[in-house]
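For the record, the sequence lines run as chains A and B. Just so we're aligned, residue 674 is where the first sequence starts under the working numbering, counting upward by one. Just so we're aligned, residue 674 is where the second sequence starts under the working numbering, counting upward by one. Ideal placement from N, C-alpha and C gives every residue a C-beta, glycine not left out. These figures come from a predicted structure and were not determined experimentally.
2 protein chains.
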Amino acid sequence: MSLLVVGTVAFDAIETPFGKTDKIIGGAATYISLASSYFTNKINLVSVVGDDFPQESIEMLKKHHVNTDGLQVKKGEKSFFWSGKYHNDMNTRDTLVTELNVLADFNPVVPASYQDCDFLMLGNLTPAVQQKVIGQLPKRPKLIVLDTMNFWMNVALEELLATLKMVDVLTINDEEARILSKEHSLVKAAQKILKMGPKTLIIKKGEHGALLFNKDQVFFAPALPLEDVFDPTGAGDSFAGGFIGYLAKTKDISFNNMKRAIIFGSAMASFCVEKFGTERLIGLTQKQVDERVQEFIDLVQFEIELG
Amino acid sequence: MSLLVVGTVAFDAIETPFGKTDKIIGGAATYISLASSYFTNKINLVSVVGDDFPQESIEMLKKHHVNTDGLQVKKGEKSFFWSGKYHNDMNTRDTLVTELNVLADFNPVVPASYQDCDFLMLGNLTPAVQQKVIGQLPKRPKLIVLDTMNFWMNVALEELLATLKMVDVLTINDEEARILSKEHSLVKAAQKILKMGPKTLIIKKGEHGALLFNKDQVFFAPALPLEDVFDPTGAGDSFAGGFIGYLAKTKDISFNNMKRAIIFGSAMASFCVEKFGTERLIGLTQKQVDERVQEFIDLVQFEIELG
């Protein structure tokens, strides 16, 4: 029983109304791994970095139960680098720099020791690379979750649609759901997307929470109202990490358990945005996670007796 | 024990991507009264119309337990008229026509028979008119709820601030909360607004639900994900009507009961937007209301055992 996380491990430079960072570590797989580490201690990472990536960050991941045997370190090459600037509303951002570097010809290799994989989290990457990972697993995982983005809908739609047929859960944001389905109503968008392959769809709405759909049911998890969102980078990946980490811990992939998993995912996202980069996801305690989840319970629970 | 509803009773002409209406009846007090009529049968209306307002619409209100003794009918004058066109996203609209007519010099008169008022709902109107109503009540109601809009923040801020000191609950939307508080974060906005007078604040976020704040607590109610929002006109007023109607029925103004009231308010708003104008709020059954509330329960309820 293990969780396989595939995605970028990278450098980010971030500017928000609250300040500015130099190059700090980021990347989808970094956020997913850290968030899931509060739920499971069998996390296997497949990714690629250059030899500019600090050994101490790899050690930090190992301390969070992340097996880095599948992290390729390319001699003489540079890690993926993204730089962005958030607007005052924190909902929109401009990308300032994207340097693919090692990502340009990333050929994922799943180590033999990883192949007993029950939960697979495919972070945002070229759909072809995501497919290659699925193709290397001798046994189909119990659950495959795929994250993607609007960029691939524009430049690699056919590949993306083929990949969607191979997965169980898709996570995208509201804008992406509208693009993929060509429907404005998220209910109609979900109905269409659920016919493209995934049996379960999560639509992330940022500060407005997240919706979980299957063919017959819908569940809504709010985002926690925060005094300040300091840096939204990685929130969606932290959400995905908490979600799949909780499922891997409980080994229950029913809709009812996915409801709980989405609340844990939302809790991890709410931590993520409180500081720059991955800072807030490092070294949390179980008590802090439980207290945060209790805040979500208090936020939405009510009792009504009908009839 | 009665509910006093003050606000506009008017004509609207509405255009949405789904179609276009001629003059139909609308107005804040109309929506509030209809929505609250599913919870209480002692509704007293204070408003004004011209003699162009159809008697059959007044009869329709009476059938919904609305006492119209306080509805002034001005001979030879015309009713308030608003016309608007919604954009494709349904979140924004252009006002095409605003004819104040009888509203221009509206002097509200609370009939003697209304003065045993325990719940007062002040729909969106000039703050000076809202104050005049409070001034006419010999005994302070158990609960005063005030709705207002950004327009009054621009043209009558001092009057609005004075009125806020006289009420218990304020309902505004997220944009208005930001304007009134000069804070982008809704948590910070709520903290500031709760120092302006109201002990309780409801921030309406349209399709993204509503937040209920007091000094120490916060509660979130989602909006129901709908296949189509047909016409958003009156949704906020239907929400307010369901909210105060439920409180008037249960006579309990605790924070815990306000949570339930917000769910009932959200249910009434979800009906409102399914058809043009007030159409969907007329002649609902108790069973339909209960089934809708059950959908809200199913949408957000989950069970997590911590620690």
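Check each candidate in A:Ile-807, A:Thr-906, A:Glu-964 and name the one with the smallest Cα separation from Asp-791 of chain A. A:Ile-807
Determine the direct distance from the alpha carbon of Thr-923 of chain A to that of Asn-714 of chain A, and round the result to whole angstroms. 13 Å
Sequence ranges, alpha helix (DSSP H) only - wholly within the region 721 to 790 of chain A, length at least 4: 728 to 736
Can you give the Cα-Cα distance for Glu-688 of chain B and Lys-815 of chain A, rounded to whole angstroms? 49 Å
Of all the residues that make up the region 903 to 918 of chain A, which are near chain B by a beta-carbon distance shorter than 9 Å? none
Where the beta strand (DSSP E) containing Ile-845 of chain A begins and where it ends: 842 to 846
Report the residue ranges of all alpha helix (DSSP H) runs contained in full by the region 676 to 713 of chain A; include only those spanning at least 4 residues, in chain order. 701 to 709
Under 8 Å (Cβ pairs) to chain D, residues found in the region 960 to 979 of chain B: Looking at the structure shown, chain D is missing, and the protein chains on hand are A and B.
Would you call the region 859 to 868 of chain B and the region 898 to 909 of chain A touching, i.e. three or more CB-CB distances under 8 Å? yes
Short Cβ contact (9 Å threshold) for Glu-832 of chain B with Pro-800 of chain B: yes
On the three-state DSSP scale, how would you describe Thr-958 of chain B? coil
Taking Cβ-Cβ distances below 7 Å as the criterion, which residues of the region 858 to 870 of chain A are in contact with chain B? Ser-858, Leu-859, Val-860, Lys-861
Short of 6 Å in beta carbon distance, which residues of its chain neighbour Tyr-919 of chain B, apart from the five on each side in sequence? Order them along the chain. Phe-712, Ala-934, Phe-937
Do Thr-906 of chain B and Asp-685 of chain B have their CB atoms nearer than 9 Å? yes
Rounded separation between Ala-847 of chain A and Ile-876 of chain A - CA only: In the sequence under discussion, the amino acid at residue 847 of chain A is Asp, which differs from the Ala named in the question. Distance between the alpha carbons of Asp-847 of chain A and Ile-876 of chain A: 6 Å.
Report the rounded CA-to-CA distance for His-760 of chain A versus His-737 of chain B, giving the unit in angstroms. 48 Å
Run down chain A in chain order and give the residues with a C-beta less than 8 Å from the C-beta of Lys-922 of chain B. Result: empty, since nearest Cβ-Cβ is about 13 Å, beyond 8 Å.
Coarse secondary structure for Val-946 of chain B, derived from DSSP in three states: coil
Nearest-angstrom Cα separation, counted from Leu-819 of chain B out to Met-733 of chain B: 25 Å
Contact under 9 Å by Cβ, Gln-974 of chain B with Gln-974 of chain A: yes
Please state the DSSP three-state secondary structure of Phe-824 of chain B. helix
Have a look at Lys-838 of chain A and Ile-852 of chain A and give me their C-alpha separation to the nearest angstrom. 18 Å
DSSP beta-bridge partners for Met-981 of chain A? With chain A represented from 674 up to 980, any question about residue 981 of chain A goes unanswered, as that position is not in the structure.
When we look at the beta-carbon of Leu-707 of chain A and count the other beta-carbons within 10 Å, is it buried (16 or more) or exposed? buried
Can you check DSSP and say which residues form a bridge with Leu-816 of chain B? B:Phe-792
Specify the secondary structure class of Lys-877 of chain B as computed by DSSP and reduced to three states. strand
C-beta neighbour in chain B for Val-891 of chain A, strict 9 Å: yes
Going along chain B, which residues have a C-beta under 7 Å from Asp-901 of chain A? Ser-858
Going by other Cβ atoms of all chains shown within 10 Å of its Cβ, with 16 needed for buried, is Leu-830 of chain B buried or exposed? exposed
Using 9 Å as the limit for Cβ to Cβ distance, is Pro-811 of chain A near chain B? no
Between Gly-950 of chain A and chain B, is there a C-beta pair that is closer than 9 Å? no
Based on DSSP bridge pairs, tell me the residues matched to Asn-717 of chain A. A:Leu-677, A:Asn-740
With respect to 8 Å, is the separation between the Cβ of Phe-928 of chain A and the closest non-hydrogen atom of the ligand MN below this value? The ligand MN is not part of this structure, which contains no ligands at all.
For Val-891 of chain A, name the three-state secondary structure that DSSP assigns. strand
On the three-state DSSP scale, how would you describe Ala-883 of chain B? strand
Helix, strand or coil for Met-931 of chain B per DSSP? helix
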